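Undergrad: The structure under discussion is supplied below as structure tokens; questions concerning it will follow.
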Amino acid sequence: MRLLYFASVRQTIGLAGEDVTLPGDIVDAGGLVDWLKGRGGVYAEALAQPGHVRIAVNQTYGHAGTPVTDDDEVALFPPVTGG
183 MRLLYFASVR
193 QTIGLAGEDV
203 TLPGDIVDAG
213 GLVDWLKGRG
223 GVYAEALAQP
233 GHVRIAVNQT
243 YGHAGTPVTD
253 DDEVALFPPV
263 TGG
């Protein structure tokens, strides 16, 4: 899986992106976020407040129940506002 981090998530984690292999029990975006938080440190800090992180799977907005696989590109970013 290709993970991409944007804005404050990127700043906190310190990476623009990374490639990971998911554990076999991760089947949706919510499980992915929980797994990343479980890595501790900057991941736990960046993802501490789930309502403050949005998810896109293969460039389509998703939610905790959106299915994910190792072949996906997943982006994590704060809510976007316009003006």
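So for the sequence shown, my numbering puts the first residue at 183; every next one is plus one. C-beta: ideal position from N, C-alpha, C; glycine also. Computed from a predicted structure; not experimentally measured.
Tell me the rounded alpha-carbon separation between Trp217 and Val262.
TA: Each residue's alpha carbon lies about 24 angstroms from the other.
Undergrad: Relative to the C-alpha of His245, which candidate in Ala228, Asp207, Ala211 has its C-alpha closest?
TA: It is Ala211 whose Cα lies nearest to the Cα of His245.
Undergrad: Could you name each continuous beta strand (DSSP E) segment of 3 residues or more that falls completely within the stretch 213-249, going from the start of the chain to the end?
TA: Listed in chain order, the complete beta strand (DSSP E) runs (minimum 3 residues) inside the stretch 213-249 are 236-239.
Undergrad: Provide the residue(s) that pair with Gly199 in DSSP beta bridges, ordered along the chain.
TA: Bridge partners of Gly199: Leu186.
Undergrad: Could you check what DSSP says for Val209 in three-state terms: helix, strand or coil?
TA: Correct three-state label for Val209: coil.
Undergrad: Would you report the Cα separation of Phe188 and Gly220, rounded to the nearest angstrom?
TA: So the two alpha carbons sit approximately 20 angstroms from each other.
Undergrad: Return helix, strand or coil for Val191, following the three-state DSSP convention.
TA: Three-state result, Val191: helix.
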